Every structure is written in C-alpha cells, then in structure tokens.
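Student: Can you read through this structure? Questions will come right after.
In UniProt numbering, the protein residues as written are 1 to 224.
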C-alpha cells in the first residue's frame with residue numbers, strides 16, 4: 001500500500017540526492033585507501049632505509065674502533081722509535097772503547113756464572129756452575145782415573161828393552177801436593193773421603209772380577 005501524500009513528511013530527502021551523497025562518500029573512501037596504500041609503501045621503504053642505516057652505523061663504529069687501535073699502535077711505535085733514536089744519539093755521543101768492553105766481559109766471566117748444566121732451572125738452589133769444593137772432589141782434583149789406568153799399559157818391545165834407561169824420578173816430586181787450604185777443605189768435608197774410598201772399592205771390585213774371569217777361562221781350558 002502506498003502512503004497518501006497527506007501522511008508523507010515534507011522535509012524528507014530525495015532519493016536522488018541520497019545516491020549522489022553515497023557516491024561522493026565512496027569516492028572519498030577510495031582516495032583515502034589509495035593514500036593509505038601509498039603511505040604503507042613509503043613506510044616499508046623507510047624501514048629498509050633505517051635497517052641499512054643501522055648496519056652502516058655498526059660498520060662505522062667498527063672502523064672507528066680499528067682506527068683507534070691503529071692510532072694507539074702507531075703512537076706507541078712512534079714513541080719507541082723516538083726513544084731508540086734518542087738512545088742512538090746518546091750512544092754516538094758516548095762511545096765505549098773496546099778495552100772497556102773487554103774489561104766488562106772479564107768482570108762478568110770472573111764469577112764463572114756464564115754457563116749452567118742442562119738439568120739446571122730457575123728456582124734450583126744449586127749454583128749454575130761447579131763450586132770450588134765440587135771441582136776438588138772430581139777426577140781432575142783427585143788426580144785419579146780408575147777406568148783408564150788398567151787399559152793403557154803397553155808391553156815393552158825388544159827395541160825399547162835395549163834402550164838406555166833414564167834415572168827414575170821420585171813419585172813424590174811429581175805428585176800433586178795439596179795446599180793448606182785444599183787440605184783443610186778435604187779434611188773438613190767428609191764427602192771427599194767417601195768419594196776416594198768409593199773409587200778404591202770400585203778398583204778392587206774390578207780386579208776381583210778380572211781374577212774370577214781368568215780362573216774360569218783356565219779351568220775351561222784344562223777340562224778340554
């Protein structure tokens with residue numbers, strides 16, 4: 001049923017004007033959406049640029065740190081070079097003669113501390129060189145060489161037996177006479193007496209072994 005004209009509102013909008021208004025609002029929304037899409041693309045570009053800026057900033061900081069280290073190394077090298085040049089200038093101004101260097105070398109080597117045994121290391125309570133007492137307790141100080149005295153006997157040949165004999169020199173005149181200091185050291189230190197007795201015992205044991213070997217060889221020959 002259609003409403004009568006008397007019941008219609010006089011200020012109601014027209015249908016055509018409403019359609020035009022809707023179309024206008026639709027166009028405005030489309031333009032706003034297009035603008036939003038463009039702004040979204042711009043935001044993506046801005047984010048990518050920000051990431052690239054942060055990356056470049058990190059690289060710049062790393063390069064700055066490397067440059068600081070290089071600057072420190074160069075400054076240290078320049079300072080050391082200046083110090084060396086200064087020392088060279090002072091050395092050229094104060095030249096040392098060869099005689100002074102030789103005297104200084106003799107003074108260093110006078111303490112016999114320029115060489116150390118292979119087993120010596122830092123913290124070792126022993127000295128890195130043999131002491132006077134240790135030198136006197138050795139074969140050179142005692143004058144005894146037990147391992148070489150037995151095997152160095154050479155029989156005299158016939159020509160040597162007919163040669164004129166020279167007068168024998170007393171052993172006391174050629175033997176080593178210890179001084180008072182050496183005698184006091186040897187008597188005070190018991191280690192030297194023990195070393196002498198050990199050497200004599202070693203000689204006696206070697207003689208016993210040779211006698212036993214000779215007896216065994218003679219008995220084996222008699223059995224055959």
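Cβ coordinates follow ideal geometry from the N, Cα and C atoms, glycine included.
Everything numeric in this text was worked out from a predicted model, so none of it was measured.
Which term fits residue 64, buried or exposed, when burial requires 16 or more other beta carbons within 10 angstroms of its beta carbon?
Tutor: exposed
Student: Residue range of the alpha helix (DSSP H) that residue 96 falls in?
Tutor: First-last for residue 96: undefined, no H or E at that position.
Student: Please report the residue range of the alpha helix (DSSP H) in which residue 132 lies.
Tutor: 132 to 137
Student: Tell me whether residue 124 sits in a helix, a strand or coil according to DSSP, three-state version.
Tutor: coil
Student: Could you compute how far the alpha carbon of residue 136 sits from the alpha carbon of residue 96?
Tutor: 39 Å
Student: Compute the Euclidean distance between the alpha carbons of residue 76 and residue 119, then round it to the nearest angstrom.
Tutor: 40 Å
Student: How big is the Cα-Cα spacing for residue 40 and residue 52?
Tutor: 19 Å
Student: Between the alpha carbons of residue 99 and residue 106, how many angstroms are there, rounded?
Tutor: 11 Å
Student: Can you tell me whether DSSP reads residue 143 as helix, strand or coil?
Tutor: When secondary structure is reduced to three states using DSSP, residue 143 falls in the coil class, being assigned neither helix nor strand.
Student: What is the rounded straight-line gap between the Cα of residue 124 and the Cα of residue 57?
Tutor: If I take the Cα positions, the gap works out to 58 Å.
Student: To the nearest angstrom, how far is it from the Cα of residue 122 to the Cα of residue 54?
Tutor: CA-to-CA, the gap between residue 122 and residue 54 works out to about 55 Å.
Student: Residues in the same chain with beta-carbon distance under 6 Å from residue 17, minus the five sequence neighbours each way, listed in chain order, please.
Tutor: none
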